[in-house]
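The structure appears right after this line, and notes come after that.
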Amino acid sequence: MSQDHIILQFIKKVRKRLCRNIFVQTMLWALFAGMTAWGLFNFIALFVPFYAAVFYGFLAFIVCQIVGIVIAIKRYPSMKKTTIQIDSRGLKERVTTAYELSGKNDLCSQLQKNDTIENIRGIKIRKSFPLNIKKRMYLILFGALIFTVTTAMIPSKTKQEAREIHNLQEQIEEKEEALEAMVEEIKENYNLTDEQAEALENLLNDAKEELQNATGQEDMDKVEERFETKLEQQFIDPLENQKEAEAIENSLQNMLEGNNLTQEEQQAVAEQLEQLAQNAQDQHMQEIAQQMQQELQQNGEISSETLGQAQQQVQQYIEDNQGQIGQQGQQGQQGQQGQEGQQGQQGQQGQEGQQGQQGQQGQEGQQGQQGQQGQQGQQGQEGQQGQQGQQGQQGQQGQQGQQGQGSGEGSGDGQSGNNSGTGGGGGTGWYDGSQYGEEMEGNSGGERIMIPDEDMMSDENLTGQANANGQSYLTESDQVATWSGESVSYDQVIGNYTNQAYTNMESSNIPDSMKDLVIDYFTELNE
Numbered sequence: 459m460s461q462d463h464i465i466l467q468f469i470k471k472v473r474k475r476l477c478r479n480i481f482v483q484t485m486l487w488a489l490f491a492g493m494t495a496w497g498l499f500n501f502i503a504l505f506v507p508f509y510a511a512v513f514y515g516f517l518a519f520i521v522c523q524i525v526g527i528v529i530a531i532k533r534y535p536s537m538k539k540t541t542i543q544i545d546s547r548g549l550k551e552r553v554t555t556a557y558e559l560s561g562k563n564d565l566c567s568q569l570q571k572n573d574t575i576e577n578i579r580g581i582k583i584r585k586s587f588p589l590n591i592k593k594r595m596y597l598i599l600f601g602a603l604i605f606t607v608t609t610a611m612i613p614s615k616t617k618q619e620a621r622e623i624h625n626l627q628e629q630i631e632e633k634e635e636a637l638e639a640m641v642e643e644i645k646e647n648y649n650l651t652d653e654q655a656e657a658l659e660n661l662l663n664d665a666k667e668e669l670q671n672a673t674g675q676e677d678m679d680k681v682e683e684r685f686e687t688k689l690e691q692q693f694i695d696p697l698e699n700q701k702e703a704e705a706i707e708n709s710l711q712n713m714l715e716g717n718n719l720t721q722e723e724q725q726a727v728a729e730q731l732e733q734l735a736q737n738a739q740d741q742h743m744q745e746i747a748q749q750m751q752q753e754l755q756q757n758g759e760i761s762s763e764t765l766g767q768a769q770q771q772v773q774q775y776i777e778d779n780q781g782q783i784g785q786q787g788q789q790g791q792q793g794q795q796g797q798e799g800q801q802g803q804q805g806q807q808g809q810e811g812q813q814g815q816q817g818q819q820g821q822e823g824q825q826g827q828q829g830q831q832g833q834q835g836q837q838g839q840e841g842q843q844g845q846q847g848q849q850g851q852q853g854q855q856g857q858q859g860q861q862g863q864g865s866g867e868g869s870g871d872g873q874s875g876n877n878s879g880t881g882g883g884g885g886t887g888w889y890d891g892s893q894y895g896e897e898m899e900g901n902s903g904g905e906r907i908m909i910p911d912e913d914m915m916s917d918e919n920l921t922g923q924a925n926a927n928g929q930s931y932l933t934e935s936d937q938v939a940t941w942s943g944e945s946v947s948y949d950q951v952i953g954n955y956t957n958q959a960y961t962n963m964e965s966s967n968i969p970d971s972m973k974d975l976v977i978d979y980f981t982e983l984n985e
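The opening residue of the sequence shown carries number 459 in the numbering used here; numbering runs sequentially from there.
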């Protein structure tokens, strides 16, 4: 065995030992870093809803191990650095010199190599290059392990909340898949135009956005129910009617071309046309269908003129219905936003606009009460002293629970009720106040409201213009001027008002969300 081979084999063994030591020490630090990162994710999950904390913690642990392996490999010593490490054990650069003289066979080189071989034979690699792991490292690793396990095992409300959010998200995804299946079924069963397909996708996207805002199973069921209703109203029913209309048109075309159909078949076509007219609420089409049936009963056949009118009416319906499907689909995104987006203005007018009527009563309408007080001999009560409508309104508390209080000042003399005065009231608009309020006593069942007769509400004695300053006169008399009227129950008035609003709402084509808003309003009003 040559001298060079002996020296190289020794250097390689030492290098292998050094690489093993470096790898173990580096991976110990990688273990510490990985467990610490894992524990930090678990610690964050104690305070922040983070369902995937365990997964991401484990992922961070794996990343730390991979980084540790890469760092360890980069720290491996080369053959040259290994010879330096060997010489540091007291060989005084013999190994380095012999390694550099590799391949040289002159006498001086051979003597140098022989001397190096004699010295390295007495070196024990494991003893000279031990794996030194301090006790502090074991303590650090043990502490990191305890930290990771403890944070993973500690129960908390935040973890429970994270699990609930995760389960809810899974349910939302299942609902989205169900909605997508409905849409795909419609696309497969009907030949949709590009506009109709786009409108259908917009409707699906709106439903998905509503699902993302759902807070429970009940909300998701409502979203699914609204989506199914919109599909039927905006797509399925119109498409079915269109398919039926196309079939009727083909039958009418065959009848016009002279294809002999039995009287029963013609009667069936007329009945189908009448049913289509009822679904489409087309009075003219229904009249034509009835005329076809009358001609069949009287003559046993339908005239060409009537068939032509029917075919023309059906063709017009098909064209209108096809365009209407696309428009209805866009209303799911745009039309509804056009109405729901105005809730900030319309809904506020529902209360603030009500203040325009009720609050005006606090400044102007109360002049009728103040004037009445002038007739009844009550002096100095014209401004209502800062509570608009509380006197003479029998406890309606300002603007019907809006808690908007104002002040008014005025003076008047006379019976015309045309006194002068100014007053102001403030209240909260739609969603402008706090979400939480104070519980107040509801209207008692025995509360009565005075409704004056319309024929007694004469303005012939009033002068000036509305909202303008006027004059009133006060006279004393033994007789008190009053209005005739009817005293009815408060609940009866509210009940009639509610029924009338529900009837108008059902006969109107408004979004479901707007209907929910109206229902909630009257529900609170009747409490």
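We put the CB at the ideal spot given by N, CA and C, even for glycine.
- The three-state reading of DSSP puts Ser614 in coil, since its state is none of H, G, I, E or B.
- In the three-state scheme derived from DSSP, where H, G and I count as helix and E and B as strand, Ser761 is classed as coil.
- In this structure Val607 does not touch Thr574 by the C-beta definition: roughly 52 Å separates them, more than the 8 Å allowed.
- By the Cβ test, the region 762-773 is in contact with the region 742-751, since at least three Cβ pairs between them sit closer than 8 Å.
- Bounds of the alpha helix (DSSP H) holding Pro696 are Asp695 to Leu714.
- Around the CB of Gly515, 16 or more other CB atoms lie within 10 Å, so the residue is classed as buried.
- For Asn563, there is no enclosing alpha helix (DSSP H), as DSSP gives it neither H nor E.
- With fewer than 16 other CB atoms across the displayed protein chains lying within 10 angstroms of its CB, Leu565 is exposed.
- Excluding five sequence positions before and after Gln730, the CB atoms of its chain that fall closer than 6 Å to its own CB belong to Ile706, given in chain order.
- The three-state reading of DSSP puts Ser586 in helix, counting H, G and I together.
- Within the region 529-564, complete beta strand (DSSP E) segments of at least 3 residues are not found at all.
- Excluding residues up to 5 positions away in sequence, Tyr509 lie with their Cβ nearer than 7 Å to the Cβ of Arg621 in the same chain.
- Secondary structure note for Tyr960: its alpha helix (DSSP H) is the uninterrupted segment Tyr948 to Glu964.
- Excluding the 5 residues flanking it on each side, Ala728 has same chain C-beta neighbours closer than 7 Å at Ala747, Met750, Gln751 and Leu754, in chain order.
- The residue among Trp496, Asn984, Ile598 and His463 with its C-alpha nearest the C-alpha of Gly953 is Asn984.
- Note that the region 566-586 does not touch the region 493-505; fewer than 3 beta-carbon pairs, one per stretch, sit closer than 8 Å.
- The beta carbon of Ala665 sits closer than 7 Å to those of Leu637, Val681 and Phe685, all from its chain and outside the five residues before and after it, given in chain order.
- Comparing alpha carbon positions, the residue from Leu661, Ala488 and Leu549 closest to Val641 is Leu661.
- Judged by beta-carbon spacing, Val482 lies within the 8 Å limit of Leu589, meaning their Cβ atoms are closer than that value.
- At the C-beta level, Gln568 and Gln461 come within 8 Å of one another.
- Straight-line measurement puts the Cα of Leu650 at about 29 Å from the Cα of Leu714.
- Taking the Cα of Ala602 as reference, the smallest distance to any Cα among Trp487, Lys688 and Val528 is reached at Trp487.
- Taking the Cα of Glu676 as reference, the smallest distance to any Cα among Gln629, Asn712, Glu722 and Lys688 is reached at Gln629.
- Here Thr651 carries a coil assignment [DSSP, helix/strand/coil].
- Phe693 counts as buried, since no fewer than 16 other beta carbons sit within 10 angstroms of its beta carbon.
- Residues of the same chain with a CB within less than 8 Å of the CB of Asn737, apart from the 5 flanking positions on each side, are Asp695 and Asn699 in chain order.
- For Asn572 against Leu549, the beta-carbon gap comes to about 14 Å, at or over 8 Å, which does not count as contact.
- In the DSSP assignment, Asp677 falls within the alpha helix (DSSP H) that extends over Gln675 to Leu689.
- Measuring C-alpha to C-alpha distances from Ala655 to each of Leu697, Asp679 and Gln543 identifies Leu697 as the nearest.
- For Tyr960, the closest C-alpha among the options Asp978, Ser947 and Asp949 is that of Asp978.
- Within its own chain, no residue has a Cβ closer than 7 Å to the Cβ of Phe513 once the five positions on either side in sequence are excluded.
- Contact between Met537 and Arg473 holds, since their C-beta atoms are separated by about 7 Å, short of 8 Å.
- In the DSSP assignment, Asn671 falls outside any alpha helix (DSSP H), carrying neither H nor E.
- Counting only residues of its own chain and dropping the five nearest sequence neighbours on each side, Arg533 has a CB closer than 8 Å to the CB of Ile480 and Thr484.
- Phe505 is not a Cβ neighbour of Thr609, given a cutoff of 8 Å.
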